[in-house]
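Taking it in order: structure first as structure tokens, then the write-up.
2 protein chains.
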Amino acid sequence: MNVVTEQPANAETPLQLQRGVITPNELFFMRNRFSFPQIDTSTWRLEIGGEVERTVSLTYRELLSMPSRSLTVTLECAGNGRTGMNPPAEGEPWQYGAASTAEWTGVPLAFVLEGVGLSEGVTEIVAEGHDGGHVSDARGEEPFARSLPVPKAFHPDTLLAYAMNGEPLPDEHGAPVRLIVPGWYGMASVKWLKRIHAIRGHFDGYFQVDRYVFVEPGDGGLHRPVTEIAVRSIITTPHDGATAHLGNHLVRGLAWSGAAPVESVEVSVDGGQTWQPALWTSEPSRYAWRAWEFRWDATTPGPVILASRARDAAGNTQPETITWNELGYGNNAIQRVAVQVGGEV
Amino acid sequence: MNVVTEQPANAETPLQLQRGVITPNELFFMRNRFSFPQIDTSTWRLEIGGEVERTVSLTYRELLSMPSRSLTVTLECAGNGRTGMNPPAEGEPWQYGAASTAEWTGVPLAFVLEGVGLSEGVTEIVAEGHDGGHVSDARGEEPFARSLPVPKAFHPDTLLAYAMNGEPLPDEHGAPVRLIVPGWYGMASVKWLKRIHAIRGHFDGYFQVDRYVFVEPGDGGLHRPVTEIAVRSIITTPHDGATAHLGNHLVRGLAWSGAAPVESVEVSVDGGQTWQPALWTSEPSRYAWRAWEFRWDATTPGPVILASRARDAAGNTQPETITWNELGYGNNAIQRVAVQVGGEV
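Written out as structure tokens, the structure reads:
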């Protein structure tokens, strides 16, 4: 893993080790805001309360006996690619490895919410983790907590997940149970779940209103919330700064989008002047990235700028340049990879 | 793992540990006919020869630089379910755990074959592994080797696989490179590859003509070869011999077929007299099994026979009773699970 910060543990997946679609659990990127909790599964309970008809407290065993669903889902940190921001933005200096993919198995959150019955007028469902601590001088201590609008909370693919790639959830990825919110940036997929509560109005926790919002010049303090993953492609091979011999190469990468399945990827080997289609090398998926390849014939010695751009089925494309924002979220601008071509095969 | 034989190592995946679609590498069923070889990847070479225009010898590194593909594929041992045969059949006494699923990444065999150019009249492609030994008194020593008809060898999904669930192939699953033949029983997916050779006529190796054929009463010595995986569903929860309280339960299982994607699963809670549809709990896939669930309300104390039956998109269904054959292959008869209902919740 490429360590970003030691304490709390933040680490990226080394892109050159990403083969195919599934990221092995031990290579899955790690995002922690605090020291991560280690929870005894046998005594863990999930409280479902707030504005509901009857509060319940679920055990791990009870959750395992409920209807389940397995989905392959790419999670991406909202700050992935932040180091591409200029001027630099606040926050962990992620390059492009704060995204990974796993098969998640769990209980649709909707099933549990239907069991408790929401009161009239409920608008959001708040998920709170066991992780927390000092967040700011004004706020003091807060747990990590995030809300989902009711329709997203009731989407059948929003899961209370207990398994990752067929194994019980590892401690560092939210054991025993975490949320998985497919298509949204990772902050929504709250780890180490403690409590789910239904509210009327809008949740105003620190991680809802002070973080994970686009703070943009001229927004007059009305910050758009960070939600859906913006369409993106990355080049995994060759790496930035690599040297390449004259002749044939395969440029490899991944592409994904929160709004809709990715539809095409194009590659440029001349810094973005001309583009040619890449080929898919993995199966289509609703929520997981797809792998692609592009055959590149390096004919002239010297520096070359490689770039890739994806389009999703909703027509979204990647911008040429970064949409700068103060907290450095959602940078899906076209990535450029500089390679030095030289020498014979 | 449930060990079937210690030496050579044969072990089943414990079905109750199979969550979702992906089987973790360390729980993937193991099928060995001999002690498994441990090969140094840095000196390994794959010879491609026989009736070809030019013989080549590929290194691991060269293979990794070729066009690739990632596919999620269920592998099933042709002898899976053999213990259900009556009278007992020859061979390892597999119950229902000799099937598992992984994402495989590798180079289409077709790409390599196109590179060497087949000679006129080639009909089969033989894949030979590094594993081998005494096979019978008449034959003496032989490597494990199997042939594919040319159209199957050239199918774009037939892979020279080097990664399993995003990790380099483990030793016990054929490192550094194995064949993956999606939709066919596991014997076709030759492990620890050593040599690929093109032939005219029919390959007559021990594992092609003396094993992996249906030896059936009255076939007059004309044995059908074992190829495509027959449609099958299994119940993973509850297990045979379990006790269940009165009230609601979820019956869980998996379903797959080599001929076409599985289309439906039905469950019976009265020993096969009446059937009701199960619900899919994982995404559709061309080559991987799908997970399903069925809500069962146990209303009366006493013994209950649960059963499941799948249908694939080609219209194939599971037979009521076992199609007996001497070597015990391809038993896809409807599985029956006996459960004792009793007591209160």
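Chains A and B, in that order, give the protein sequences. The end of the first sequence is residue 636 by our numbering, with every number in the run present. The end of the second sequence is residue 636 by our numbering, with every number in the run present. Ideal Cβ placement from N, Cα and C applies to all residues, glycine included.
Residue i versus the options, residue with shortest Cα-Cα distance
{"i": "valine 426 of chain A", "options": "A:Gln499, A:Gly341, A:Met357", "result": "A:Gln499"}
{"i": "leucine 308 of chain A", "options": "A:Pro529, A:Tyr453, A:Ile625, A:Glu383", "result": "A:Pro529"}
{"i": "methionine 357 of chain A", "options": "B:Ala418, B:Ser573, B:Leu597, B:Asn539", "result": "B:Asn539"}
{"i": "isoleucine 330 of chain B", "options": "B:Thr363, B:Ala380, B:Pro461", "result": "B:Pro461"}
{"i": "isoleucine 520 of chain B", "options": "B:Pro315, B:Tyr578, B:Asn377", "result": "B:Tyr578"}
{"i": "valine 595 of chain B", "options": "B:Trp583, B:Val630, B:Ile613", "result": "B:Val630"}
{"i": "alanine 479 of chain A", "options": "A:Leu537, A:Gly509, A:Tyr503, A:Val468", "result": "A:Tyr503"}
{"i": "glutamate 405 of chain A", "options": "A:Thr374, A:Glu344, A:Leu355, A:Trp475", "result": "A:Glu344"}
{"i": "arginine 543 of chain A", "options": "A:Asn316, A:Gly311, A:Asn301", "result": "A:Gly311"}
Simplified DSSP state of residue i, which is helix, strand or coil
{"i": "methionine 478 of chain B", "result": "helix"}
{"i": "valine 468 of chain A", "result": "coil"}
{"i": "arginine 523 of chain A", "result": "strand"}
{"i": "proline 568 of chain A", "result": "strand"}
{"i": "asparagine 622 of chain B", "result": "coil"}
{"i": "aspartate 531 of chain B", "result": "coil"}
{"i": "proline 459 of chain B", "result": "strand"}
{"i": "asparagine 371 of chain A", "result": "coil"}
{"i": "asparagine 316 of chain A", "result": "helix"}
{"i": "asparagine 616 of chain A", "result": "coil"}
{"i": "glycine 424 of chain B", "result": "strand"}
{"i": "threonine 392 of chain B", "result": "strand"}
{"i": "leucine 541 of chain A", "result": "strand"}
{"i": "threonine 332 of chain B", "result": "coil"}
{"i": "arginine 577 of chain B", "result": "coil"}
{"i": "glycine 397 of chain A", "result": "strand"}
{"i": "phenylalanine 435 of chain B", "result": "strand"}
{"i": "valine 636 of chain B", "result": "For valine 636 of chain B, the predicted model reports a pLDDT of 48, less than 50, meaning its position is unreliable; a value from the coordinates is still stated below. In this structure, valine 636 of chain B counts as coil in the three-state DSSP scheme."}
Residue i, enclosing alpha helix (DSSP H) - first and last residue
{"i": "arginine 352 of chain B", "result": "351-355"}
{"i": "tyrosine 638 of chain A", "result": "With chain A covering 292 to 636 only, the question about residue 638 of chain A has no answer from this structure."}
{"i": "glutamate 507 of chain B", "result": "That residue, glutamate 507 of chain B, is in no alpha helix (DSSP H); it is neither H nor E in DSSP."}
{"i": "valine 558 of chain B", "result": "Per DSSP, valine 558 of chain B belongs to no alpha helix (DSSP H); it is in the beta strand (DSSP E), 553-559."}
{"i": "glycine 406 of chain B", "result": "400-407"}
{"i": "alanine 444 of chain A", "result": "441-444"}
Under 7 Å by beta carbon: chain B residues contacting residue i
{"i": "valine 311 of chain A", "result": "A quick correction: the sequence has glycine, not valine, at residue 311 of chain A. Going along chain B in sequence order, the residues near glycine 311 of chain A (Cβ under 7 Å) are Ser361, Glu394, Thr396, Ala454, Gly457."}
Residues bridged to residue i [DSSP beta-bridge criterion]
{"i": "asparagine 293 of chain B", "result": "B:Glu303"}
{"i": "methionine 321 of chain B", "result": "B:Ala302"}
{"i": "tryptophan 547 of chain A", "result": "A:Arg523"}
{"i": "alanine 489 of chain A", "result": "A:Gly341, A:Ile416"}
{"i": "proline 516 of chain B", "result": "B:Val504"}
{"i": "serine 348 of chain A", "result": "A:Glu338"}
{"i": "serine 361 of chain A", "result": "A:Thr396, B:Ser573"}
Under 9 Å by beta carbon: chain A residues contacting residue i
{"i": "alanine 582 of chain B", "result": "Ser359, Arg360, Ser361, Thr396"}
{"i": "threonine 314 of chain B", "result": "Gly457"}
Proximal residues of chain A, C-beta to C-beta of residue i below 8 Å
{"i": "serine 573 of chain B", "result": "Arg360, Ser361, Leu362"}
Chain B contact residues for residue i, given Cβ-Cβ distances below 9 Å
{"i": "serine 691 of chain A", "result": "An answer regarding residue 691 of chain A cannot be provided, because it is not within the stretch 292 to 636 covered by chain A."}
{"i": "leucine 541 of chain A", "result": "Ser356, Met357, Pro358, Ser359"}
First through last residue of the beta strand (DSSP E) which encompasses residue i
{"i": "arginine 310 of chain A", "result": "Arginine 310 of chain A -> no beta strand (DSSP E), and no H or E assigned at all."}
{"i": "isoleucine 596 of chain B", "result": "593-603"}
{"i": "tyrosine 453 of chain A", "result": "450-455"}
{"i": "aspartate 588 of chain B", "result": "581-589"}
{"i": "glutamine 386 of chain A", "result": "First-last for glutamine 386 of chain A: undefined, no H or E at that position."}
{"i": "arginine 430 of chain B", "result": "Taken as a continuous stretch (DSSP letters only), arginine 430 of chain B belongs to no beta strand (DSSP E), as it is neither H nor E."}
{"i": "arginine 627 of chain A", "result": "627-632"}
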